[in-house]
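Residue numbers (the numbering used here): 46 to 247.
#1: In this structure, what does DSSP give as the bridge partners for residue 109?
#2: Quick check for students: name the residue ranges of the alpha helix (DSSP H) that lie wholly in the segment 108-183, counting only runs of 4 or more.
#3: Return the bridge partner residues of residue 218 from the DSSP annotation.
#4: Measuring CB to CB, does residue 130 end up less than 7 Å from residue 204?
#5: Closer than 7 Å by C-beta to residue 234: which residues in its own chain qualify, once you throw out the five before and the five after it? Chain order, please.
#6: Taking only the alpha-carbon atoms, compute the straight-line gap between residue 161 and residue 238 and give it to the nearest angstrom.
#7: Are the CB atoms of residue 110 and residue 183 nearer to each other than 7 Å?
#8: Quick check: the Cα distance between residue 39 and residue 157, rounded to an integer number of angstroms?
#9: Check whether the segment 187-207 and the segment 143-150 touch, using three or more Cβ-Cβ pairs below 8 Å as the test.
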């Protein structure tokens, strides 16, 4: 099977009009009919209010590249660390995933998940193509494909740098840090995670 390639910068630029047309099409032909059905709760909200530390994190149910559904409700009982960034930073985020997984993830102390925002992918990229790209990348932790940017819109995420988001064992937003992996920054993040584990406080 031929390996799929990641979208180029030119494809990202050319996708702008496609995204606009797709959005208008979705609103007129999908959103309104779905709003009149009983299953409207499954349709992603158009507006998500930005949250602050201590507030409940917006609930989500997001499938990973293997089609397993991950719900915030089902993750309660342990701190949750979410990693996210632009796809061009996937190797930087892999370093964070490997380091945190080695100290906290494999031992089962935390839920460590990589959330990938696909809302800005070129409109020509289909779901199964995106899954194949991430399966070929072989990430060290589960990758959730967030097609509607549910996590990103909760915090108004800037994807131009690695993001680390902590949710306490009760489902409350604890903290949000940004930056590449360095020895000093990792020590800071590890200490914050240890405090979450010890007391539940950020």
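Where is the CB? At the ideal position from N, CA and C, for every residue including glycine. For clarity, every value in this text was computed on a predicted model and none was experimentally measured.
Taking the definition as stated:
#1: 189
#2: 135-145, 172-182
#3: 212
#4: yes
#5: 209, 222
#6: 22 Å
#7: no
#8: No information on residue 39 is available, as it lies outside the stretch 46 to 247 that the chain covers here.
#9: no
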